[in-house]
Amino acid sequence: MAQLTFKVKKVANKNLRTKVMGYASRAIANGVATFDDICAQAANNTTLHPKELALAFGLALDAVRDALKNGKIVDLDQIGRLYPAISSHWTETEDEQTLDGLTKRVAYRPSQEITAAIASAKLAWATAKEAADSEQQGTTTEPEPTGDDEQQGNNGGATPTPSGELEP
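Under this note's numbering, the first residue of the sequence shown is numbered 1, with each subsequent residue one higher.
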């Protein structure tokens, strides 16, 4: 199996804490694997037709949605876990926290298998053309900003080497 290399681009970003403009790094995906693509690949070497697998997967997603609506943590084994979660802003006092200030969301914690799938990837700076193409194709990973992401550059403390690759 070939070594995966994540292309990384630098994007202008505002630090939410200090309001200072700076830069953060974002990964550029190697395209998009659609639901149909995943079903077709998963159906290989089985007796299932990709459409049958898609139907079964759709039914499983209905069950996942129902479990989340009932406030349950959903353990998807080798995929990972989904958690009902909220986000809130920091306040000085407990009384300043209000239900109106909360954002409902779903948190995801990948399994060890999913984490291992990208853990050994190398990092390399994207060319200007790759960065521009990622904008047009919508393949730049853009996580929701948090104060920590902008402040730390979202590169996990990695530093650039003279070759342009990042080392942890």
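Even for Gly, the Cβ is constructed at its ideal location relative to N, Cα and C. All values derive from a computational prediction rather than experimental measurement.
Just to confirm my understanding: we take residue i, look at its own chain, exclude 5 residues before and 5 after, and list those with CB closer than 7 Å. What are they?
i	result
E165	Because the pLDDT at E165 is just 37, under 50, the model does not fix this residue reliably, and the value given afterwards should be weighed accordingly. Closer than 7 Å at Cβ, skipping near neighbours: K122, L123 and A124.
P84	L68, G71 and V106
V32	T139
V11	Y23, A24 and R26
F57	C39
K19	none
D66	none
Between residue i and residue j, is the Cβ-Cβ spacing less than 8 Å?
i	j	result
L170	L68	For the chain, the structure presents residues 1 to 168; residue 170 sits outside this window and is missing.
N30	Y23	no
G101	S88	yes
I118	L4	yes
Please go through the same chain and pick out, in chain order, the residues whose beta-carbon is closer than 8 Å to the beta-carbon of residue i, but skip the five residues on each side of it.
i	result
I28	F6, K7, V8, K9, A126, E130, A131, S134, T139, T140 and T141
Y108	G80, R81, L82 and Y83
D36	P50 and A54
I86	L102, T103, K104 and R105
T46	L53
Assuming the contact rule is C-beta atoms closer than 8 Å, residue i and residue j should be a hit. Round their C-beta distance to whole Å, please.
i	j	result
Q169	T91	Residue 169 is absent from the model: the chain starts at 1 and stops at 168.
A63	L53	Not a contact, Cβ separation roughly 16 Å.
S111	Q136	At roughly 33 Å, the Cβ-Cβ gap does not stay under 8 Å, so S111 and Q136 are not in contact.
Please go through the same chain and pick out, in chain order, the residues whose beta-carbon is closer than 6 Å to the beta-carbon of residue i, but skip the five residues on each side of it.
i	result
M21	K14
E113	Q78
P50	C39, A40 and A43
D75	R81
T93	none
A116	none
A176	Any property of residue 176 remains undetermined from this structure, which presents the chain solely from 1 to 168.
| task | Could you name each continuous alpha helix (DSSP H) segment of 4 residues or more that falls completely within the stretch 13-83, going from the start of the chain to the end? | result | If we require 4 residues or more, the alpha helix (DSSP H) runs fully inside the stretch 13-83 come out as 35-43 and 50-69.
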